[in-house]
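**Student:**
In our numbering, the protein residues as written are 36 to 352.
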């Protein structure tokens, strides 16, 4: 059993960052005594261009570039318009799997699946089942924001916390693994953050379907949102550590390259993180080569190992 709600709140209020980090590191060592830190090579592709009449060839060309760079998985994401029903996505996935049979499709957020179900007149379980049959392998949870309806949500928009959880519950019951995230620093309280962690832990106890959890800080500049200050590295590391301690029923917690960059990521490996996310998804100031990432992992005292999308296979390269 992870730390309690009150213990988590006490940690958020505490100034003892080192002590919190040590406790989180102890949980990491218990769950991952082998001293390995994993990463994945995959890419993100938007389907917007294909949805506007360009066909599936441009989308497949982007996937071909990801495969050429060593990618094993693809995250398909975009805006679901009323015209994009289950039939359209069925065609997309079928086309991709026909051309790239080995590619892992970690695609479509809960928000997108809810929209597809609504536009198609289907239930959420039926929608997920049909997507699975067409080639969907797992579902990313990066639209979770803060799982508390008191908080103004960004990407989930009209969907509630219960809706988000229902999608992931349905996926888990259909044998599809998913991931979970928490975007913090967007106006929520510490209590809201703990509510989010409680929601994830509760569903994991019920289904055991989350492969990983990733906390990341809200980036107001990138989102063109005013009135927010980006979380400091200290706040990030504290939130990462508390997530590791609270979610001891989620095996993998990520210190994320895409949102944090190499320096903070490396420290995060001693604050509970046992994974660093994707090499390809990190851009701009946070971009790094695979060897740079592996060296940072080594310098932190761990063995770098490439994995697949849902942590089933480790490639000892």
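Where a beta carbon is used, it is the ideal one built from N, C-alpha and C, also for glycine.
1) Judging by CA-CA distance, which residue of 78, 123, 105 and 272 is the nearest neighbour of residue 60?
2) Nearest to residue 72 by alpha carbon, out of 254, 306, 317 and 321?
3) When you compare only the Cα positions, how much space is there between residue 126 and residue 55?
4) Is residue 278 buried or exposed, if buried means 16 or more other CB atoms sit within 10 Å of its CB?
5) Provide the residue(s) that pair with residue 310 in DSSP beta bridges, ordered along the chain.
6) Would you check if the distance between the CB atom of residue 314 and the CB atom of residue 76 is smaller than 8 Å?
7) Specify the secondary structure class of residue 38 as computed by DSSP and reduced to three states.
8) Enumerate in chain order the residues of its own chain whose CB-to-CB distance from residue 172 is below 6 Å, with the five nearest sequence positions on each side excluded.
9) Could you give the residue range of the alpha helix (DSSP H) that holds residue 162?
10) Would the region 90 to 105 count as touching the region 151 to 169 if we require 3 or more Cβ pairs under 8 Å?
11) Taking one C-beta from the region 287 to 303 and one from the region 227 to 238 each time, how about it: are there three or more such pairs within less than 8 Å?
12) Between residue 301 and the rest of its own chain, which residues show a CB-CB distance below 6 Å, the 5 nearest in sequence each way excluded?
13) Quick check: the Cα distance between residue 15 and residue 251, rounded to an integer number of angstroms?
14) Helix, strand or coil for residue 245, going by three-state DSSP, please let me know.
15) Which of the three DSSP states is assigned to residue 194 in this structure?
16) Determine the extent of the beta strand (DSSP E) in which residue 341 is found, giving its start and end residues.
17) Taking just the CA atoms, how far does residue 121 sit from residue 152?
18) Since residue 281 contacts residue 43 with CB under 8 Å, what's their CB separation in whole angstroms?
19) Going by C-alpha distance, which of 88, 89 and 154 is nearest residue 119?
20) Could you work out which residue in 243, 64 and 312 is closest to residue 208 when comparing CA atoms only?
21) Got a sec? Which residues, its chain only, sit under 6 Å from residue 353 by beta carbon, not counting five neighbours each side?
22) Cα-Cα, which of 216, 226, 269 and 69 is closest to residue 303?
23) Going along the chain, which residues of its own chain have a beta-carbon closer than 7 Å to the beta-carbon of residue 91, five neighbours each way excluded?
24) For a minimum of 3 consecutive residues, which ranges assigned as the beta strand (DSSP E) are wholly contained in the region 51 to 132?
25) How far does the beta strand (DSSP E) with residue 145 in it reach, from first residue to last?
26) For residue 82, which of 116, 195, 224 and 339 has the nearest alpha-carbon?
27) From the DSSP output, read off the bridge partner residues of residue 140.
28) For residue 312, I'd like the list of residues in its chain whose CB is within less than 6 Å of its CB, leaving aside the five on either flank, ordered along the chain.
29) Closer than 6 Å by C-beta to residue 249: which residues in its own chain qualify, once you throw out the five before and the five after it? Chain order, please.
30) So who's on the other strand from residue 174, going by DSSP bridges?
**Tutor:** This is what the structure holds:
1) 272
2) 306
3) 48 Å
4) buried
5) 73 and 289
6) yes
7) coil
8) 139 and 140
9) 159 to 169
10) no
11) no
12) 331 and 335
13) The structure shown has nothing for residue 15, since the chain only spans 36 to 352.
14) strand
15) coil
16) 338 to 342
17) 7 Å
18) 5 Å
19) 154
20) 243
21) The structure shown has nothing for residue 353, since the chain only spans 36 to 352.
22) 269
23) 85, 127 and 130
24) 71 to 75, 77 to 81 and 108 to 112
25) Unbroken run through residue 145 is the alpha helix (DSSP H), 145 to 155; no beta strand (DSSP E).
26) 116
27) 109
28) 289, 291, 292 and 293
29) 216, 289 and 291
30) 213
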